[in-house]
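Residue numbers (the numbering used here): 4 to 171. The beta-carbon is built from N, C-alpha and C at its ideal position, and this holds for glycine as well.
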């Protein structure tokens, strides 16, 4: 089974995950490490959660017009979420609306994973590319960011392997 979410990681690390998956122990590992589910269930709550993090770390960054869960977001293409700027003409002026969309499947994720995804998308307000400055900003807003990103990718790998929740 190809580990599509873990392609960028070293083969030895991929092999460890593959072994746990084949032994049926990956779900137990994740449950032990991340036993809770977050309480941010509505789009309104997600907006408030995101704005609180933005206020704490990125006060001077451009504002956000919309933050929501998106059930149509392709997790394979955008594993973490999507940050967009939609440009519209209003009254002869060009206005950019900034949005963050989080894949709907993350409604049932651990609080650590939700925070990691939101931090990732917020970092795009300052840094557009996934470069060194981007990851330094993520790490500043969320110490241990890199481990959480890896564990989230392990979670997605485990989730895809479950026949009862496999996407159609």
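Tell me whether residue 71 sits in a helix, a strand or coil according to DSSP, three-state version. Within the chain shown, the letter at position 68 stands for residue 71. When secondary structure is reduced to three states using DSSP, residue 71 falls in the strand class.
How far does the alpha helix (DSSP H) with residue 149 in it extend, from its first residue to its last? If you number the chain shown from 1, residue 149 lands on position 146. Note, residue 149: alpha helix (DSSP H), 148-164.
Leaving aside the five residues before and after residue 23 along the sequence, list all residues of the same chain whose C-beta is less than 8 Å from its C-beta, in chain order. Position 20 of the chain shown, counting from 1, holds the residue named residue 23. Shown here for residue 23: same chain residues with a beta carbon closer than 8 Å to its own, the five before and five after excluded, namely 29, 32 in chain order.
Environment of residue 131 [buried if 16+ CB atoms lie within 10 Å]: As a working mapping, residue 131 is identified with position 128 in the chain shown. Looking at its Cβ environment, which holds fewer than 16 other Cβ atoms inside 10 Å, residue 131 is exposed.
Who are the near neighbours of residue 115 in its chain, counting only those whose CB is closer than 7 Å to its CB and skipping five residues on each side? Start at 1 with the first residue of the chain shown, and residue 115 comes out as number 112. The residues are 37, 151.
Assumed close pair residue 109, residue 120 - CB separation to whole angstroms, cut-off 8 Å: On the chain shown, residue 109 is found 106 positions in, with the first residue counted as 1. On the chain shown, residue 120 is found 117 positions in, with the first residue counted as 1. Rounded, the Cβ-Cβ distance is 6 Å, consistent with contact.
Answer yes or no: the CB of residue 34 versus the heavy atoms of the ligand GDP, is any distance below 7 Å? The ligand GDP is not part of the structure shown, which contains no ligands of any sort.
Give the straight-line distance between the Cα atoms of residue 117 and residue 44, rounded to the nearest whole angstrom. As a first step, residue 117 is located in the chain shown; it is residue number 114 there, counting from the start. As a first step, residue 44 is located in the chain shown; it is residue number 41 there, counting from the start. Their Cα atoms are separated by approximately 11 Å.
Chain-order list of residues whose beta-carbon lies under 8 Å from that of residue 66 (same chain, five-residue window excluded): On the chain shown, position 63 is the one that residue 66 refers to. Cβ within range, chain order: 101.
For residue 55, which of 158, 144, 163 has the nearest alpha-carbon? Numbered from 1 along the chain shown, position 52 holds the residue referred to as residue 55. Among 158, 144, 163, the Cα nearest to that of residue 55 belongs to 144.
Which residue's Cα is closest to the Cα of residue 122: 107, 111, 103, 159? Position 119 of the chain shown, counted from the first residue, corresponds to residue 122. Comparing Cα positions, the closest option is 103.
Which residue from 63, 74, 161 puts its Cα closest to that of residue 128? For this step, residue 128 is matched to residue 125 along the chain shown. Of the listed residues, the one whose Cα sits closest to residue 128 is 63.
Taking only runs that begin and end inside the region 13-38, name each unbroken alpha helix (DSSP H) of 4 or more residues, in chain order. Entirely contained in the region 13-38, the alpha helix (DSSP H) runs reaching 4 residues are, in chain order, 14-25, 29-36.
Own chain, CB closer than 8 Å to residue 40, minus 5 neighbours either side, in chain order: On the chain shown, residue 40 is found 37 positions in, with the first residue counted as 1. Cβ contact annotation for residue 40 (same chain, cutoff 8 Å, sequence separation greater than five): 111, 112, 113, 114, in chain order.
Helix, strand or coil for residue 113 per DSSP? Stepping through the chain shown from its first residue, residue 113 is reached at position 110. When DSSP states are grouped into helix, strand and coil, residue 113 belongs to the coil group.
Three-way DSSP call (helix, strand, coil) for residue 132 in this model: Residue mapping note: residue 132 aligns to position 129 of the chain shown, counting from 1. In this structure, residue 132 counts as coil in the three-state DSSP scheme.
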